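There are 2 protein chains.
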Amino acid sequence: MLKLSRLADYATLLMCRMTREPEAALSAAQLAQALGLPLPTVAKLLKRLTRAQLLSSERGGNGGYRLARSAASISLVDVISAVDGAPALTQCVNTPGSCAIELNCETRGHWAAINHAVSSVLSGVSLAQLGSARAIVIKPPQRIDQRKEGASRR
Amino acid sequence: MLKLSRLADYATLLMCRMTREPEAALSAAQLAQALGLPLPTVAKLLKRLTRAQLLSSERGGNGGYRLARSAASISLVDVISAVDGAPALTQCVNTPGSCAIELNCETRGHWAAINHAVSSVLSGVSLAQLGSARAIVIKPPQRIDQRKEGASRR
DNA sequence: CTAATATAGGACTATATAAGTCCTATATTG
DNA sequence: CAATATAGGACTTATATAGTCCTATATTAG
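In the order they appear, the protein sequences are chains P and V. The first sequence begins at 204 in our numbering and counts up one residue at a time. The second sequence begins at 204 in our numbering and counts up one residue at a time.
Here it is, written out as structure tokens:
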């Protein structure tokens, strides 16, 4: 169905929430409370996001997490990758050798391009946009063209 | 990780293989054999693809499956949707009411646009392209822009 | 210096979803 | 009418994901 993992989904909510208070050090408990999500899960996500350097953390009393850089410079693909690893529509994109028919697969070469196009869409959306009330508008024909053989449908 | 389901992956291989003999009625057994995939799984996929009207089928001796229309007019999103349902990065895109915080979620309105952009990429790739040796070229900046027009959500 | 608080990292368990298999019914061909 | 092939759905199994918990470490306040 091509969906985000639940954790990745939560992570975007978490990051969006933090975008609203970029200066404050928010604890895992505060965030779990604010979003109505289970604390252990939120804590796990915050650790992964910190590890990926999207958040910075401080220990001890008054400690917590905050955005490591501006919300405009953090994209959806950053968040998703931090939580679940980089998008890979097919195994062969990031893990060569994982498919039995890889060697004589006609389609293999194309998947890298397709995967890249999908990632591009997600890297084009920043936390700042996601948290804004303004509509995100897709630059129209979001096309993948085949050289030479025009035959693009539509 | 944002990956295709294994079945969707198999389905693209299956469809690609059929693209090479669009006229022939290929049986489930023949296709399973040709691709080195388990027969029951291939049979299941063929049934779903037929149900979605991407393939036409004939029963009885000399029966089998063939593309219901030209390979150029069948896109990846068609195949994926037939097997797994339409792409829905977040639950709320296709199944409103499934998220507890839906009502006051800031990001909800944006996901429909993002989902649409991703789907567009996949609908821009046809079976004909996927089976061709020619490179699929992504039209460069695959961007999502923020425009100042009124918030469409809410 | 000690107690309290908070994150870091990883191991472990449970669960939901996907994948795979199988059974029965129906249609077509020779 | 026998053989072959798809149609549909129920069922089982496997796997990946999600969730939980434990121990270690760092920081702050008193």
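Using N, Cα and C, we set each Cβ at its ideal position, and we do this for glycine too. Please read these numbers as outputs of a predicted model, since none were measured by experiment.
In chain order, Ala-228, Ser-230, Ser-260 place their CB closer than 8 angstroms to the CB of Gly-266 of chain V, counting only its own chain and leaving out the 5 sequence neighbours on each side. The beta-carbon of Thr-244 of chain P is placed no less than 8 angstroms from the nearest beta-carbon of chain V.
Here the alpha carbon of Ile-283 of chain V sits roughly 21 angstroms from the alpha carbon of Ala-303 of chain P.
Neighbourhood of Pro-225 of chain V in chain P, by CB distance below 9 angstroms: empty, with the nearest CB roughly 15 angstroms away. Rounded to whole angstroms, Val-280 of chain P and His-319 of chain V show a C-alpha spacing of 16 angstroms. Contact between Gln-256 of chain P and Ala-271 of chain P holds, with the beta-carbon distance rounding to 6 angstroms and staying under 8 angstroms.
Runs of alpha helix (DSSP H) with 4 or more residues, each lying fully within the segment 268-306 of chain P, are found at 279-287, 294-297, listed in chain order. Sequence-ordered contacts of the segment 319-336 of chain P with chain V read His-319, Ala-320, Val-321, Ser-322, Ser-323, Val-324, Leu-325, Ser-326, Gly-327, Val-328, Ser-329, Ala-331, Gln-332, Leu-333, Gly-334, Ser-335, Ala-336 [C-beta pairs closer than 9 angstroms]. Taking 8 angstroms as the threshold, the shortest C-beta distance from Met-204 of chain P to chain V falls below it. Leu-242 of chain P places its beta carbon 8 angstroms or farther from that of Leu-217 of chain P. Legend: CB atoms of the segment 286-304 of chain P lying less than 8 angstroms from CB atoms of chain V belong to residues Asp-287, Gly-288, Ala-289, Pro-290, Ala-291, Leu-292, Thr-293, Gln-294, Ala-303, Ile-304.
Beta-bridge partners of Ser-329 of chain P (DSSP): P:Ser-278.
Membership of Leu-258 of chain V in the beta strand (DSSP E) is indicated by the continuous run 258-261. Listed by position along chain V, the residues whose Cβ is nearer than 8 angstroms to that of Ile-317 of chain P are Leu-279, Val-324, Leu-325, Val-328, Ile-339.
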